[in-house]
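Going line by line, the protein sequences match chains A and B. Numbers 24 to 273, taken from this note's numbering, label the letters of the first sequence in order. Numbers 1171 to 1478, taken from this note's numbering, label the letters of the second sequence in order. Note that beta-carbon positions come from the ideal geometry of N, C-alpha and C, so glycine has one too. Please read these numbers as outputs of a predicted model, since none were measured by experiment.
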Amino acid sequence: MKIVVPIKRVIDHNVRVRPTADGTGVDSTSVKMAINPFCEIALEEAVRLKERGLASEVLVVTIGTAAAQEQLRGALAVGADRALLIETERALEPLAVARTLTRVVEEERPGLALLGKQAIDSDDNQVGQMLAALLGWPQATFASAVELEGEKARVTREVDGGMVTLELALPAVVTADLRLNEPRYARLPDIMKAKKKPIERRTLEEMALDLPAQTEVLAVETPTPRQRGVILDSVDALIDKLRNVEKVIR
Amino acid sequence: MSSLILIEHHDGRISPACARVVAAARKLGAPIEALVAGYRVEEVAAQAARLDGVSRVLVADDARYADQLAEPLATLLAAHAKRYGYLLAAASTFGKDVLPRAAALAGVGQISEVIEVVDPATFKRPIHAGALVATVRSDAPLKVLSIRATAFESVGEQAPAPIETVEAQGEALGARFVESHREASERPELTAARVVVSGGRGLGSKQNFSLLEGVAGKLDAAIGASRAAVDAGYVSNELQVGQTGKIVAPDLYIAVGISGAMQHLAGMQGAKVIVAINRDEEAPIFQVADYGLVGDLFELLPELERKL
Ligand SMILES: Cc1cc2nc3c(=O)[nH]c(=O)nc-3n(C[C@H](O)[C@H](O)[C@H](O)COP(=O)(O)OP(=O)(O)OC[C@H]3O[C@@H](n4cnc5c(N)ncnc54)[C@H](O)[C@@H]3O)c2cc1C
Ligand SMILES: Cc1cc2nc3c(=O)[nH]c(=O)nc-3n(C[C@H](O)[C@H](O)[C@H](O)COP(=O)(O)OP(=O)(O)OC[C@H]3O[C@@H](n4cnc5c(N)ncnc54)[C@H](O)[C@@H]3O)c2cc1C
Chain A
24 MKIVVPIKRV
34 IDHNVRVRPT
44 ADGTGVDSTS
54 VKMAINPFCE
64 IALEEAVRLK
74 ERGLASEVLV
84 VTIGTAAAQE
94 QLRGALAVGA
104 DRALLIETER
114 ALEPLAVART
124 LTRVVEEERP
134 GLALLGKQAI
144 DSDDNQVGQM
154 LAALLGWPQA
164 TFASAVELEG
174 EKARVTREVD
184 GGMVTLELAL
194 PAVVTADLRL
204 NEPRYARLPD
214 IMKAKKKPIE
224 RRTLEEMALD
234 LPAQTEVLAV
244 ETPTPRQRGV
254 ILDSVDALID
264 KLRNVEKVIR
Chain B
1171 MSSLILIEHH
1181 DGRISPACAR
1191 VVAAARKLGA
1201 PIEALVAGYR
1211 VEEVAAQAAR
1221 LDGVSRVLVA
1231 DDARYADQLA
1241 EPLATLLAAH
1251 AKRYGYLLAA
1261 ASTFGKDVLP
1271 RAAALAGVGQ
1281 ISEVIEVVDP
1291 ATFKRPIHAG
1301 ALVATVRSDA
1311 PLKVLSIRAT
1321 AFESVGEQAP
1331 APIETVEAQG
1341 EALGARFVES
1351 HREASERPEL
1361 TAARVVVSGG
1371 RGLGSKQNFS
1381 LLEGVAGKLD
1391 AAIGASRAAV
1401 DAGYVSNELQ
1411 VGQTGKIVAP
1421 DLYIAVGISG
1431 AMQHLAGMQG
1441 AKVIVAINRD
1451 EEAPIFQVAD
1461 YGLVGDLFEL
1471 LPELERKL
């Protein structure tokens, strides 16, 4: 069984992001980029399933600029078998990403599409669910455990009230939450080897998909920061402030 | 064009977030309808009908919705979507699961985690863990919005709106509910509590984490946690506050032994008053705290509990 893992190149989570000078985008010039942490977890899970003999091939795919080859190479270094770059300069909306991935899935016919639950840049949390809808596949979002048993996947999901376990008939879409696993680091020899592996490339244009933009970003701003408060010298002073000044406790 | 709100419910009760989603919908200026899908949900429908601003409640009562699976729910939502200008749900794990699936079936995008309605086509939403706020405009005929509930004040009650039954539709497509685990707790629900006391890695162990119970008990507070505390196994995952956990906006948030990483701040910066207890005076949490105590939490927490 093949597993497709769509990954996204994002600004590293340690970077303090800023709006662009014109205030309509996020400044990504000369900042550190990385694979989205949730995609990293999805990939790790796929590689582990392959190592356990439950999957035959792991294909990573990203839709982005030529620079995203860096993240694809990183994925090859930790155990992906094949990497596909769908090249575009366009910043696609989640539905457009999902439509493009639908085409890839229809061509590749995997038994499982494993995605991150959200990209930490735009925080949309949509692509996996949309992909499942477009394919007519069942979905399990926010996975913290994935078991494959024959033609079925048993997935434990982290939800607001605790945990829910679902069983899905394959093929299916699963999106990874933080506690699904701890991704490995690539070993140096594997990084060197990954540099020589081919990356399959095609352009978004040649796929001739109809991907109209539906939204427009009018502004990107830094929210008004909270004012730094005061350090108090005692528990009594704190209780006094909360009770008599803020009136948030009795 | 009206708005349709997908009602979230558990065990026969609507989620408190629904009253906040209605508040967001009221800012759109269109008539508001609510969709209740579930099994034996008469009581839920009656509660939805009392949300101030709802003009009609649609009920799809059928066993296929018993487990609230995304597959049949999204199909049902998308089938009704054609008649509406907006589709809304809370940006809870339930809403996040169902809404994008329904949007894709309806052929439109979604705007996630709306925190402000600027005008009927323009919305603000946080990105990059709340480090930035984007203003986005949608020209889609159907706008699908997930609502960050804490950004809106709940609406009150009204005389019940009419309730109408609609036909059940949508299949599970091979998904099957197996089981669920909910942590039983006497504490108030995290996202609805007036006071939240949260602990981080600084607590050091599962046993120490229970020190928070004393203070939380005195303040009738919910207990929250940082990701580091959850990952270390001090508490279970549903208590995590932050970019990838719950978003809370209580009157009072007390962060104990939490450094204040951006991803944690993303979940609690909307609190009215923030208190930080940390032995490191350089900890970033003090940059957002209204009041800070610098010192050992193992001395300060018991003292606080005693004096409250
Ligand atoms: C300057 C700029 C302007 C933008 N303007 C707009 C705009 O006007 N409107 C708009 O809607 N969007 C806009 N975007 C794009 C938007 O920020 C998101 O990147 C896009 O909508 C995809 O959503 P997401 O990555 O948050 O998806 P999520 O649903 O959060 O991602 C979940 C998972 O989907 C997969 N995935 C996501 N993206 C990709 C990808 N490219 N390739 C492979 N797998 C992927 C990954 O597995 C990921 O973990 C803009 C982006 C930039 C940089
Ligand atoms: C993609 C991604 C998503 C994330 N999502 C979240 C999220 O949703 N929520 C979240 O919380 N984090 C999240 N994180 C993790 C986040 O970056 C931090 O690692 C985490 O919040 C740290 O938790 P902490 O503050 O408890 O631990 P630490 O950073 O280790 O801080 C512990 C603090 O305790 C103090 N301390 C120790 N002992 C004592 C004592 N005896 N008395 C007083 N103070 C003491 C220390 O001074 C320190 O400041 C995410 C990270 C990533 C990469």
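Under 9 Å from the C-beta of residue i: neighbouring residues of chain B
| i | result |
| --- | --- |
| P161 (chain A) | L1239, A1240, E1241, A1342, L1343, G1344, A1345 and R1346 |
| V240 (chain A) | A1304, T1305, V1306 and R1307 |
Listed by chain order, chain B residues near residue i by CB distance under 8 Å
| i | result |
| --- | --- |
| D263 (chain A) | The contacting residues do not exist; D263 (chain A) stays about 10 Å from chain B at best. |
| A168 (chain A) | Chain B residues near A168 (chain A): none, gap ~12 Å exceeds 8 Å. |
| T164 (chain A) | A1240, T1263, K1266 and D1267 |
| D14 (chain A) | The requested residue 14 (chain A) does not occur in the structure, where chain A is confined to residues 24 to 273. |
| V49 (chain A) | I1297, H1298 and L1302 |
For residue i, the nearest candidate out of the options (CA to CA)
| i | options | result |
| --- | --- | --- |
| R1449 (chain B) | B:V1458, B:G1440 and B:L1463 | B:L1463 |
| S257 (chain A) | B:L1360, B:Y1461, B:I1297 and B:A1259 | B:Y1461 |
| A155 (chain A) | B:M1171, B:V1287, B:L1269 and B:E1334 | B:L1269 |
| I143 (chain A) | A:E228, A:A57, A:L118 and A:A192 | A:A57 |
| V178 (chain A) | A:G185, A:E172, A:G184 and A:A166 | A:A166 |
| D45 (chain A) | A:E269, A:L241 and A:R251 | A:L241 |
| A1425 (chain B) | B:Q1339, B:R1397 and B:L1258 | B:R1397 |
| E174 (chain A) | A:A209, A:T188, A:R210 and A:A195 | A:A195 |
| G48 (chain A) | A:T188, A:P60 and A:S145 | A:S145 |
| C62 (chain A) | A:E129, A:N204, A:T226 and A:L115 | A:N204 |
Euclidean distance between Cα positions of residue i and residue j
| i | j | result |
| --- | --- | --- |
| A1301 (chain B) | R1210 (chain B) | 43 Å |
| R1234 (chain B) | E1241 (chain B) | 10 Å |
| R71 (chain A) | G1344 (chain B) | 24 Å |
| A1351 (chain B) | E68 (chain A) | Strictly speaking, residue 1351 (chain B) in this sequence is His, with Ala absent from that position. Taking the straight line from one Cα to the other gives about 23 Å. |
| S1429 (chain B) | L1467 (chain B) | 13 Å |
| A176 (chain A) | E1469 (chain B) | 48 Å |
| R126 (chain A) | S1324 (chain B) | 42 Å |
| E110 (chain A) | Q92 (chain A) | 10 Å |
| V83 (chain A) | D50 (chain A) | 27 Å |
| P117 (chain A) | D147 (chain A) | 8 Å |
| D35 (chain A) | R105 (chain A) | 24 Å |
| H1180 (chain B) | T1335 (chain B) | 20 Å |
| I1184 (chain B) | A1207 (chain B) | 11 Å |
| A100 (chain A) | A89 (chain A) | 18 Å |
| K1197 (chain B) | I26 (chain A) | 44 Å |
| V1366 (chain B) | L77 (chain A) | 43 Å |
| A1436 (chain B) | Q1377 (chain B) | 27 Å |
| P248 (chain A) | W160 (chain A) | 43 Å |
| L135 (chain A) | R75 (chain A) | 15 Å |
| A1441 (chain B) | V1458 (chain B) | 10 Å |
| I1417 (chain B) | D1232 (chain B) | 32 Å |
| E181 (chain A) | V1287 (chain B) | 29 Å |
| E1406 (chain B) | M1438 (chain B) | It is Ser, not Glu, that sits at residue 1406 (chain B) in the sequence shown. For S1406 (chain B) and M1438 (chain B), the distance between alpha carbons rounds to 18 Å. |
| V1348 (chain B) | E170 (chain A) | 13 Å |
| A1249 (chain B) | A1276 (chain B) | 8 Å |
| R96 (chain A) | P29 (chain A) | 14 Å |
| L1221 (chain B) | L1247 (chain B) | 20 Å |
| A217 (chain A) | L108 (chain A) | 15 Å |
| Q1328 (chain B) | E1359 (chain B) | 25 Å |
| F1456 (chain B) | R251 (chain A) | 7 Å |
| A1260 (chain B) | G1384 (chain B) | 32 Å |
| A103 (chain A) | I222 (chain A) | 11 Å |
Sheet register partners of residue i (DSSP bridge)
| i | result |
| --- | --- |
| Y208 (chain A) | According to DSSP, which records beta bridges pairwise, Y208 (chain A) is partnered with nothing at all. |
| I1285 (chain B) | DSSP, once it has assigned bridges, lists no residue as partnering I1285 (chain B). |
| V150 (chain A) | V150 (chain A) is not bridged to any residue. |
| P1296 (chain B) | B:V1303 |
| P42 (chain A) | A:V49 |
| T164 (chain A) | BP columns for T164 (chain A) are empty, so no partner. |
| P29 (chain A) | A:V84 |
| F1347 (chain B) | A:L189 |
| L157 (chain A) | Beta-bridge pairing links L157 (chain A) to no other residue. |
| Y1256 (chain B) | B:S1173 and B:K1313 |
| S1429 (chain B) | Paired residues: none, contrary to the question. |
| A242 (chain A) | B:T1305 |
Partners in chain A for residue i, counting only beta-carbon separations shorter than 7 Å
| i | result |
| --- | --- |
| Y1461 (chain B) | G252, V253, L255, L261 and K264 |
| Q1279 (chain B) | Correcting the residue type first, residue 1279 (chain B) is Gly in the shown sequence and not Gln. Within 7 Å Cβ-Cβ: E116, P117, L118, Q237 and T238. |
Contact set between residue i and chain B, taken where Cβ atoms lie within less than 7 Å
| i | result |
| --- | --- |
| M186 (chain A) | S1350 and H1351 |
Residue i: contacting residues in chain A (beta-carbon distance under 8 Å)
| i | result |
| --- | --- |
| I1296 (chain B) | Just to set this straight, residue 1296 (chain B) is Pro in the shown sequence, not Ile. Under the 8 Å cutoff, chain A gives D146 and P246. |
Within chain A, the residues that residue i reaches when beta carbons sit closer than 9 Å
| i | result |
| --- | --- |
| T1292 (chain B) | L241 |
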